[in-house]
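Numbering (our numbering), first residue to last: 4 to 308.
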Amino acid sequence: MPESTASTASSRASPSPMLILRRSVELMKPVTWFAPSWAFLCGSIASGASQWTVTDVGRIALGTLLAGPILCGMAQVVNDYCDRDVDAINEPQRLIPSGLVSTRQVFITVGVLVVLGLGIALFLGQYVALMTAIGMVLAVIYSAGPIRAKRNGWIGNAIVAVSYEGLPWIAGHLAFAPLTFGSVLMAALFSLGAHGIMTINDFKSIEGDRISGIRSIPVLYGEIAAAWTAFVTINVAQILVVMYFLHIRNWIIASIIGALVLMQIPTQWKFFTIADPRKRAIFYNASGIAMFVWGMMAAAIGLRG
């Protein structure tokens, strides 16, 4: 065997600890961490009890670490592992089907994240630990058989939306104070809106989903109907948020969120003019979601009073 080939084989057989860590982090998909971390932050603000103290800022930092890198990261690893057979056909270059990440490494990564997650959650409180446990169970239900909820666009997107928005928001609130009706309502409504965002995200993988037997909403109803379904869901959820703040006579927050909703309309219309489904999703993720995200923060501040 030539020296270079032997060296390559040796490197592949025994990667360095740093390379192993880097691959585990890559499996955890850092790009997905923002949404649940932001939701936890919004929930902590909505509680009205968090303050600018070292202790409270530290608790928020731990909570965002829990919601994003740890729990969302764990869910991503579980999902990639459960998709390994499909990926071996459609995307054999990915870490698990290519053999760059072993089954042993997957289980160690998930185990470490579960232990870290439960440890931090228990430190933040028993109810945060409960939300964390629910999120972990949902991650398995979404990806793993026999349920594998991701095969149905409605159920799968609902699980992701609740896991990315609702549970972290509620956990953020519970880390500082008992739940209030307004905070639970905001968690539910922004989860509803996130369901629509998940549908838009499904445009990136229409062909792969169709081949894999995943009945995403674009696969079930076609691109135009799916887009209308997504945008109606996103907008109705936010309009209901505006109506709640009008109901409690918080005119400023209602006006801010209402303006943010209106700012999303041109982006949504632009979505229909883009021919490539994948480019549609990338465009909306880059330009349309920001207003939704800022609406979450405005709502949290409005609940704080």
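Built from N, CA and C at the ideal position, the CB exists for glycine as well.
Leaving out five residues on either side along the sequence, give the residues of the same chain with a beta carbon under 8 Å from the beta carbon of residue i.
i           : result
residue 313 : The requested residue 313 is not part of the displayed model; the chain covers only 4 to 308.
residue 220 : 156, 157, 160, 202, 205, 229, 232 and 233
residue 120 : 69, 73, 74, 77, 135 and 139
residue 117 : 77 and 139
Going straight from the alpha carbon of residue i to that of residue j, what length do you get?
i           : j           : result
residue 228 : residue 58  : 48 Å
residue 123 : residue 216 : 37 Å
residue 168 : residue 194 : 5 Å
residue 99  : residue 69  : 24 Å
residue 234 : residue 277 : 15 Å
residue 200 : residue 268 : 14 Å
residue 303 : residue 79  : 27 Å
residue 51  : residue 181 : 10 Å
residue 7   : residue 18  : Low confidence applies to residue 7: its pLDDT is 43, below 50, so where it sits in the model is not reliable, and the reading given next is rough at best. Looking at the two C-alpha atoms, the distance is approximately 16 Å.
residue 151 : residue 190 : 24 Å
residue 65  : residue 226 : 40 Å
Which term fits residue i, buried or exposed, when burial requires 16 or more other beta carbons within 10 angstroms of its beta carbon?
i           : result
residue 251 : exposed
residue 13  : Confidence is the limiting factor: at residue 13 the pLDDT is only 44, short of 50, which leaves the residue's position unreliable, though a coordinate-based value still follows. Under this definition residue 13 is an exposed residue.
residue 114 : exposed
residue 27  : buried
residue 110 : exposed
residue 163 : buried
residue 21  : exposed
residue 279 : exposed
residue 60  : exposed
residue 248 : buried
residue 92  : exposed
What does a CB cutoff of less than 7 Å around residue i pick up in its chain, not counting 5 residues either side in sequence?
i           : result
residue 62  : 127 and 178
residue 170 : 134, 137 and 138
residue 271 : 234 and 291
residue 9   : For residue 9, the predicted model reports a pLDDT of 43, less than 50, meaning its position is unreliable; a value from the coordinates is still stated below. Taken in chain order, the list of residues that qualify is empty.
residue 307 : 48, 49 and 51
In chain order, what residues of the same chain lie with their CB nearer than 6 Å to the CB of residue i, ignoring the 5 residues before and after it?
i           : result
residue 90  : 97 and 100
residue 281 : 207
residue 236 : 198 and 199
residue 212 : 219 and 222
residue 82  : 146
residue 125 : 132
residue 287 : 203 and 274
Write down the C-beta distance between residue i and residue j rounded to the nearest angstrom, noting that I regard them as a contact closer than 8 Å.
i          : j           : result
residue 30 : residue 104 : 6 Å
Practice task
For the region 182 to 229, list the alpha helix (DSSP H) runs that are entirely contained and at least 4 residues long, ordered along the chain.
Solution key: Listed in chain order, the complete alpha helix (DSSP H) runs (minimum 4 residues) inside the region 182 to 229 are 184 to 204, 209 to 215 and 220 to 224.
Problem - 4-residue-minimum alpha helix (DSSP H) runs that sit fully inside the region 227 to 252, ordered along the chain - result: Scanning the region 227 to 252 for uninterrupted alpha helix (DSSP H) segments of 4 residues or longer gives nothing; none is fully contained.
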